[in-house]
Each structure stands twice: as C-alpha cells, then as structure tokens.
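> After the structure tokens below, expect a handful of questions from me.
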Amino acid sequence: MKKFLLNTLAISVLFIGFISITVLLLNNHISKKAIYPLNGADQYLILGHSHPQCAYDDSIIHGYKNVASGGESYFFTYYKSLLLLKNSSPIKGVFIEFTNNQIESSMNDWIWGDKYLNERYPYYSPYIEKSDLKFLISKNSHFFSQTIPISIKKNTLYTLANKFDYTRLGGYTPVYKSKTDSFLRVFDTLKTTIDTTISYHHISYLKKLIALFQEKNIKVFLIRSPQHKKYNGYYNEKKFIEILKNHFDTIPFLDFSSFPLKNSEFADLEHLNKNGSMIFSSWFYEKIAFSPILQNNNQDTIEDFIKREIELGTLRLTSHD
Amino acid sequence: MLFNSLSFAIFFPIVFLIYWFVTGKSTKWQNILLLIASYYFYACWDWRFLFLLMFSTFLDYFTGLKISNAKSIWSSKFWLWLSIIVNVGFLAVFKYYNFFILSFTEALSNFGFKINPFTINVILPVGISFYTFHGLSYIIDIYKKRIKAETNFIDYSVFVSFFPLLVAGPIERATHLLPQIKSARKFTYERAADGMRQILGGLFKKIVIADLCAEYANIIFENPGEHTASTLLLGAIFFAFQIYGDFSGYSDIALGTARLLGFDLLRNFAYPYFSRDIAEFWRRWHISLSTWFRDYLYIPLGGSRVTTFIKVRNTFIIFLVSGFWHGANWTFIVWGLLNALYILPSIVFNTNRINLDIVATGKYLPSFSELFKIVLTFLLTTLAWIFFRSETVGQAIHYLTSIFDSSLISIPRIAEDQPIMIFVPLCLAFIMLIAEWIGREGPFMLYSMHKIRIRGIRWIIYLTITTAIYLSQGKAQAFIYFQF
Numbered sequence: 229m230k231k232f233l234l235n236t237l238a239i240s241v242l243f244i245g246f247i248s249i250t251v252l253l254l255n256n257h258i259s260k261k262a263i264y265p266l267n268g269a270d271q272y273l274i275l276g277h278s279h280p281q282c283a284y285d286d287s288i289i290h291g292y293k294n295v296a297s298g299g300e301s302y303f304f305t306y307y308k309s310l311l312l313l314k315n316s317s318p319i320k321g322v323f324i325e326f327t328n329n330q331i332e333s334s335m336n337d338w339i340w341g342d343k344y345l346n347e348r349y350p351y352y353s354p355y356i357e358k359s360d361l362k363f364l365i366s367k368n369s370h371f372f373s374q375t376i377p378i379s380i381k382k383n384t385l386y387t388l389a390n391k392f393d394y395t396r397l398g399g400y401t402p403v404y405k406s407k408t409d410s411f412l413r414v415f416d417t418l419k420t421t422i423d424t425t426i427s428y429h430h431i432s433y434l435k436k437l438i439a440l441f442q443e444k445n446i447k448v449f450l451i452r453s454p455q456h457k458k459y460n461g462y463y464n465e466k467k468f469i470e471i472l473k474n475h476f477d478t479i480p481f482l483d484f485s486s487f488p489l490k491n492s493e494f495a496d497l498e499h500l501n502k503n504g505s506m507i508f509s510s511w512f513y514e515k516i517a518f519s520p521i522l523q524n525n526n527q528d529t530i531e532d533f534i535k536r537e538i539e540l541g542t543l544r545l546t547s548h549d
Numbered sequence: 030m031l032f033n034s035l036s037f038a039i040f041f042p043i044v045f046l047i048y049w050f051v052t053g054k055s056t057k058w059q060n061i062l063l064l065i066a067s068y069y070f071y072a073c074w075d076w077r078f079l080f081l082l083m084f085s086t087f088l089d090y091f092t093g094l095k096i097s098n099a100k101s102i103w104s105s106k107f108w109l110w111l112s113i114i115v116n117v118g119f120l121a122v123f124k125y126y127n128f129f130i131l132s133f134t135e136a137l138s139n140f141g142f143k144i145n146p147f148t149i150n151v152i153l154p155v156g157i158s159f160y161t162f163h164g165l166s167y168i169i170d171i172y173k174k175r176i177k178a179e180t181n182f183i184d185y186s187v188f189v190s191f192f193p194l195l196v197a198g199p200i201e202r203a204t205h206l207l208p209q210i211k212s213a214r215k216f217t218y219e220r221a222a223d224g225m226r227q228i229l230g231g232l233f234k235k236i237v238i239a240d241l242c243a244e245y246a247n248i249i250f251e252n253p254g255e256h257t258a259s260t261l262l263l264g265a266i267f268f269a270f271q272i273y274g275d276f277s278g279y280s281d282i283a284l285g286t287a288r289l290l291g292f293d294l295l296r297n298f299a300y301p302y303f304s305r306d307i308a309e310f311w312r313r314w315h316i317s318l319s320t321w322f323r324d325y326l327y328i329p330l331g332g333s334r335v336t337t338f339i340k341v342r343n344t345f346i347i348f349l350v351s352g353f354w355h356g357a358n359w360t361f362i363v364w365g366l367l368n369a370l371y372i373l374p375s376i377v378f379n380t381n382r383i384n385l386d387i388v389a390t391g392k393y394l395p396s397f398s399e400l401f402k403i404v405l406t407f408l409l410t411t412l413a414w415i416f417f418r419s420e421t422v423g424q425a426i427h428y429l430t431s432i433f434d435s436s437l438i439s440i441p442r443i444a445e446d447q448p449i450m451i452f453v454p455l456c457l458a459f460i461m462l463i464a465e466w467i468g469r470e471g472p473f474m475l476y477s478m479h480k481i482r483i484r485g486i487r488w489i490i491y492l493t494i495t496t497a498i499y500l501s502q503g504k505a506q507a508f509i510y511f512q513f
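Chains A and B, in that order, give the protein sequences. Start counting the first sequence at 229; every next residue gets the next number (the numbering used here). Start counting the second sequence at 30; every next residue gets the next number (the numbering used here).
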C-alpha cells in the first residue's frame, strides 16, 4: 500500500508540476506578445456588450474603434482594456456602455457562469490578477477547474500558430434583419423577467475599469445606446438612475437610449440593425464624436443638446412607430 | 456522479482510503461502507430512485430465500415468476410503457382508429436495465440450483448496488461476485497498479476518443442532408469509435475501480474492433450482456443443439431482445435484427466459432487476409451503428442510402475553414487502436505497460496519457450506456 500511495503521489506531483510549468511558460509568452491592435488614427474606444457592438459603426465614425463584444461583462472588458492599452497610439477617451440590464444580477453569470468563463477566460487567462483569480475560483470552482485545460489547449494552439492578434474579441457587428415588429406583435404575451436583485460585483468591476482609464488620464464616458421605447429592460430604470447617481456621479453619462428610430431600424427591442446603426453612427459622428460637449462633464448639457437637435429637425422627429 | 467528473475524483479516493485504512480489517464493515458509498453514488443522480433500487434489492433477496426454502416445485416457481414479473414489470413501466402505447396508437391510427393514449411523463431510472438483470440472474441461478440464496442482506445489497457497476455494468453474476463480497479482500500492489492502468486507459478512451468523436458525429448526424457521402461514412465511423470509447472506457474505469477495492469484475470488452467476423465481434463486445442472454435466454430456448431452423430462430430472438434492451425505439430493434442478419450465414454454415483465438497471436502484424476480415467486420458493424445512433428508422435509412452516392469518393469535410480538424479524432482513434493492438493479448489496453522495465519510460507514457486526458476535457459528458 505504501509503495502504491507513494507512486500515485509522485505521478500526481509530476503531473501538477508539468501543468503548472506549462501554464507559466504559456502565460509569460502570451502576455509579452498578445495585443488588441489599434489603428494609429483611433483616438476613442467604444466598450461594452452587444448593444454598442451593434450600434456604433466605426467605419462611419472615423477616429473611433468599436471593441464591444456581445455578452461581455466589465470583468473581461477590464482585461481587454489592458490589451488595448498596450498600443502605442494615444487614446483620448473611452465610451463604456452602461444600460439597464448591466445592473441586473444576471450579470454575475456573465462573469463566472460556465458558458461565459468557457468562452472568455482562456483568452484573458495570462493576465488575470491574483485577486480576480481567487474571486473566480470562489464563485465557480467546479467549472473553473475545467477552464484551465481549455485555456492551455487554446493558448498552445495560438502560440503554435503565432496568433496573438486579439481583434477577434470584439468589434462592430452589423445585424441585417429586423424582428422588431414580430416582437411587438407578441409583446403583450411576452413575460418580462423582473430581476430586482443587483449585481454589485458587476458595478464594482465597472468602477475598476473606469479607474484603469482615469489612471492613464483617458477621459471616460458612460453611454446608453439606443433602445426601443418598449424595451422590457426599462423596468429597473429607477434603480438604474439611483446607481448612476450614487456610484458614477462624476462620470459623464451620454444617454442615447431614446434616439428616435423606426421599428425597421432595430434588430429587436434592444439592438440596432445595420440601417439603424448607419443612421445613429452618422449622427453620432456628425454631432457628438468630436463635439466640444465631450469636454463638458455636465449631463444636462448632452440631454439639452439632444432635445435641441430634435427641435431643430437635425434629428428626425419620428419617434418609435 | 460521472466517473469522469471532479466529484468522483474526490469521492473515490475518500472511499478508497476509508475502505483500506479504517474498515480494512473487517469484511463486514468494508461491505457496509461499500453499500453506503454505492447508495450515495446512486443518489447523486436522483435520490428518489434509490427507493426503487432498494425495493428491487429487497424483493430479490426475499424471493431468493423463498425459492431456496420452497418445499414444492410449485412454490419455487411461484416465487421465481413473482420476481421476474415484478422486475420486468418495473422495466416495462419505466422504459417501455410509452413506446408500446405510442406504437399501438400509431398502428390503430393506420386502421382509421384515433385514440388519445395515456402516456407517463417519467424519467428512466439510471441503471435500471443493469441492476434488474443482476437480480434476475441471481433469482434464476437459485431456481436452477446453481447457487444458494444469500442470507446476509448487506452482502446481497452490495452485489446489486456495487457502485463501479451499478449504472452501466458489467452485468455481474452472483456466482462470480458474491463469493468475492463474502471473502476477505487483500490489497496487492500489482492488482492496484493494474486498476490504475485500466482506469487511465478507460479515461483516455472516454475523454480523448469518445467525447471528441461525439462532437463530430453529432454535427454530421444532426444534419445528414448537408454532408457528402464520404463525410456521412466518416460520421458513422466517428460514432463507431464514440460508442466504443464511451462504453469500453466506462467498463475499464469500472473494472479498474473495482480492482482498487480488491474485486475482479467480469470482462466486458475484448478488443471487438479486431474481430474477424460478426460472431467473434459479439463474443468481444459487451460480453457480460451477450453471455447473460446466452445463459438465460439462448440456452433455455434450446441453444445450438437444435435444428438449424431453431438455431436461426433463437439467434433472431436473442438479437431482437438485445436491441430492445438497449432502448424503447424501433432503431434499436432494427439494429439488433441487422446484426442477426449479419450473423445468419455463420449460423447456417456452422462457422460461427472458427475465430476463437486472439488475432495474429505472437505476431506484430495481421496477415492480409486477417486485415481484410477485420476491416470488413468493422465496416459492417459501423453501418449497423447508424441505426443505433439515429433518432428514427427513416432517418437511419436515409443516412445509410446517402452513403452510397458518387460523393463517397471525395474528401470528407465539415467546416470549410478547418478541413484538417476532422481528421484529428481519427488520428487519435488510430493511436488507441495501435495501443490496443500492442496490448491485445492482455485483459485491457494498458495491461502490458508493466512489461516496460524502465520506470522512467513507463511514467513518461502515463504522464503523456494523463496530460492528453486533462487537455481533452471540457464539460464532463455523460456515458451513452447510462440511458439504458
């Protein structure tokens, strides 16, 4: 028995040692090489989940780079930002999506849920800070143990293929369909999931993300992309405003949620389609992108600005039909 | 709790250490520990079905004693049939009720009668087919006076619910396992090392081969219309390796785990893909089920000492029941009948027992003739697996006929951007076959590893296999045979 246990222990130690060394070597190599490359002309970044990913067409908004990614929590946006900041080109400002569904407790799943960990952790594993690593393990130790081999496998393949360009982890994604009318037809029968609990973890990672940019003297804006007025995520609007005021009072909030668009310009009730993003991006480029109002921290200014735009007819007066 | 899960990796070492270090000096306490561990293991799936398992155990224990003590043949028969009816009844209700009622309704609707069938919405208790067969063999063996009824309820309960074999076999016999449960177990290094090697090989087959082949087989079988004939054939081959890796991998882990606890379970697989004919394949595939059917169905029906016509009839009955045992679906029945058709010529010409030895014994490579027979047998079984994998018989026939198309002579592919990836599981399966070929004279794939004298080389191989298993794992995939 003693010989058996000693041999089993020795092989286990050798195996753990081999895996640990492999992880260390891979992480060290990748963290030196990997980058989310930016064009030298990109001065502003758009970060967040699928709402900005579908709304900001950066081929129209020159000087802006949309790096948002569907289903991305602030936890992973933080690590993506570290890769973005490796670029030598200076970044003047970042626009971070902050909308109603990003305060819901379902965001916890976006941080440590099986599916999201599986998808995102391997890419960022070389950079994850020890405290965050402990946090992930404490929240989902079971699945976390399975993401390590997935990370080793993926990172080994990327290293062998010399694929260190992380642009695949985000970017403007046009949607060519509109299902808004069909959604509205069944709207009354749709059951809205009311999630009154808040993900304070997600909010704290947004703070960490903001602090990262502010340390580098990069101007931070919170944005809310256009949403249909019947978007069911508005149920927590009161709480949303409260969190905005209590936690992010000093950060300018540019609220484009009521930007007037037709049903056919939405992909669904919360995402713009290609047509919608063209209209919105053109307007954004013309009126906001390099506007002096970005220098002003006062939220009232941007709201007045949008109202004035509507009054002047620069923005179409047709509201959601 | 799956064998390939973290929970089992924690559960088993705890049981192992308590078993040898705490209860090691008392067989009675070891058996109590095994029973508690087995019930916990089973309850991890669905604790409610634990009561069914306990009831089935008690019924067979009780009827076993009654048969043993019966004073007349009629009394003995009564208890035998009571046990058979209740055991098969449970199986029928949980596994086959909906199938029968829906098939009956469909048949009636063909004659213009429409009825609203009463179906039951209940999940299949995991392992019911296996532990029911355990109980049946025990009762029949007592009735046939092959064994005496077990008087110790704990020992009998361990026989039925021993966790390594509880959910997917091998289907043990009381004559083989009960004496081991009753006698003292001694830990030996050689046996434990063999157990570890067998577990390692089983995990490799399951996680590296079966789970990877499953990914591709699923893609191809889900939309067969989108693929070329060569891709469809490859899909069927992937499934052939998936089911083999999955089930023989499970069996290896079960046998290896039992070895670590001092038990030798019945062998379930003996390198079936090296078979030179279908009869040999069925002597090497799911051996514990094949021999169960042989002993409790084929031989009572007359066995092989009957006319050729009766032999053919018996063979069809065995394969029909075997197909039906696998699941309540016509696909399994057709799969069984197709195998019966394959084996038919060897029954008629009495050539079903010509390949009883191990192929190419003492040689490095098979002869050309042997290789041809092996490939042919593999292709025939692979085509039969299409019925096993498909959702309906219609889908299977469509899949099968689509293989025989001009696009069979083309390079198979799934994803346009990664044409090479499709061959990765094939290469890994080929590596497994090479390892099996080298070890084919031993009881399991890595058995002959102990013959490598240099410990360093042995350990490098173990570490390589362990790393391959570790890197291949994603979310733990259930074993296919759990559904049976």
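Cβ coordinates follow ideal geometry from the N, Cα and C atoms, glycine included. Fair warning: this is a prediction, and the values are worked out from it, not measured in the lab.
Where A/Asp483 and A/Ile451 are concerned, what is the direct C-alpha to C-alpha distance, given to the nearest angstrom?
6 Å
> Under 8 Å, do A/Lys314 and A/Tyr272 count as touching if we go by C-beta distance?
no
> Is there a Cβ from chain B that is less than 8 Å from the Cβ of A/Ile249?
no
> Grab me the residues of B/Leu206's own chain with a C-beta within less than 6 Å of its C-beta, minus the 5 sequence neighbours each way, in chain order.
Phe188
> Taking all protein chains shown into account, decide if A/Cys282 is buried (16 or more other Cβ within 10 angstroms of its Cβ) or exposed.
buried
> What in chain B is Cβ-close to A/Pro520, meaning under 8 Å?
The contacting residues do not exist; A/Pro520 stays about 46 Å from chain B at best.
> Beta-carbon of A/Phe484 versus every beta-carbon of chain B: anything under 8 Å?
Cβ-Cβ to chain B under 8 Å: no for A/Phe484.
> Within 8 Å (strictly less), CB to CB, does A/Gln551 reach chain B?
Nothing can be reported for residue 551 of chain A: it is not among the residues displayed for chain A, which extend from 229 to 549.
> Could you check what DSSP says for B/Arg484 in three-state terms: helix, strand or coil?
Helix.
> On a CA-only basis, which of A/Ser309, A/Asn235, A/Ala238, A/Asn474 is nearest A/Glu443? Give me that one, please.
Among A/Ser309, A/Asn235, A/Ala238, A/Asn474, the Cα nearest to that of A/Glu443 is on A/Ser309.
> Taking C-beta pairs closer than 7 Å, name the residues in chain A that B/Leu35 reaches, listed in chain order.
His370, Ser373
> What separation, rounded to the nearest whole angstrom, lies between the Cα atoms of B/Arg442 and A/Leu385?
21 Å
> So, does the CB of B/Phe133 fall closer than 8 Å to a CB anywhere in chain A?
It does not: the Cβ of B/Phe133 has no partner Cβ on chain A nearer than 8 Å.
> Please name the residues in the region 245-256 of chain B whose beta-carbon is closer than 8 Å to at least one beta-carbon of chain A, in chain order.
Residues: none.
> Using a cut-off of 7 Å between C-beta atoms, extract the partners of A/Pro377 located in chain B.
Tyr499, Leu500, Gln502
> Nearest to A/Leu388 by alpha carbon, out of A/Ile247, A/Leu254, A/Asp532, A/Leu234?
Among A/Ile247, A/Leu254, A/Asp532, A/Leu234, the Cα nearest to that of A/Leu388 belongs to A/Leu254.
> In whole angstroms, what separates the C-alpha of A/Lys435 from that of B/Phe216?
Whole-angstrom Cα-Cα distance: 58 Å.
> Along the chain, where does the alpha helix (DSSP H) containing B/Ile248 start, and where does it finish?
Per DSSP, B/Ile248 belongs to the alpha helix (DSSP H) from 240-251.
> Out of curiosity, what's the CA-to-CA distance linking B/Ile176 and B/Gln271?
38 Å
> DSSP three-state label for B/Asn145, please.
coil
> Looking only at C-alpha atoms, which of B/Asp223, B/Glu255, B/Ala357, B/Ser317 sits nearest to B/Gly291?
B/Asp223
> Could you tell me whether the Cβ of B/Phe216 comes closer than 8 Å to any Cβ of chain A?
yes
> Cα separation between A/Ile479 and A/Phe323?
11 Å
> Could you say which of B/Ala246, B/Leu262, B/Ser431, B/Ala413 lies nearest to B/Phe268 if we only look at CA atoms?
B/Ala246
> Output the distance between the C-alpha atoms of B/Tyr218 and B/Ser105, rounded to the nearest integer angstrom.
45 Å
> Measure the alpha-carbon distance for A/Asn336 versus A/Thr305 and round it to whole angstroms.
14 Å
> Taking 7 Å as the limit between beta carbons, can you name the residues of its chain near A/Thr401, skipping five residues before and five after?
Closer than 7 Å at Cβ, skipping near neighbours: Gln281, Cys282.
> Could you tell me how far apart the beta carbons of B/Leu62 and B/Tyr71 are, in whole angstroms, since I believe they sit closer than 8 Å?
With a Cβ gap of about 15 Å, B/Leu62 and B/Tyr71 do not count as contacting.
> Spatial neighbours of B/Val363 within its chain, please: C-beta separation below 6 Å, excluding the five flanking residues on both sides.
Phe416, Val422
> State the beta-bridge partners of A/Asp483 as determined by DSSP.
A/Arg452
> Please identify, using Cβ separations under 8 Å, the residues of the region 45-59 of chain B that lie next to chain A, in order along the chain.
Trp49
> Ignoring anything shorter than 4 residues or poking outside the region 30-117 of chain B, list the alpha helix (DSSP H) runs there in chain order.
35-46, 56-75, 79-98
> Mind checking who B/Gly264 pairs with in its DSSP beta bridge?
Bridge pairing for B/Gly264: absent [DSSP].
> Are any of the Cβ atoms in chain A nearer than 8 Å to that of B/Tyr491?
yes
> Taking C-beta pairs closer than 8 Å, name the residues in chain A that B/Thr496 reaches, listed in chain order.
In chain order: Phe243, Phe246, Ile247.
> Determine whether the Cβ of A/Ile365 lies closer than 8 Å to any Cβ atom of chain B.
no
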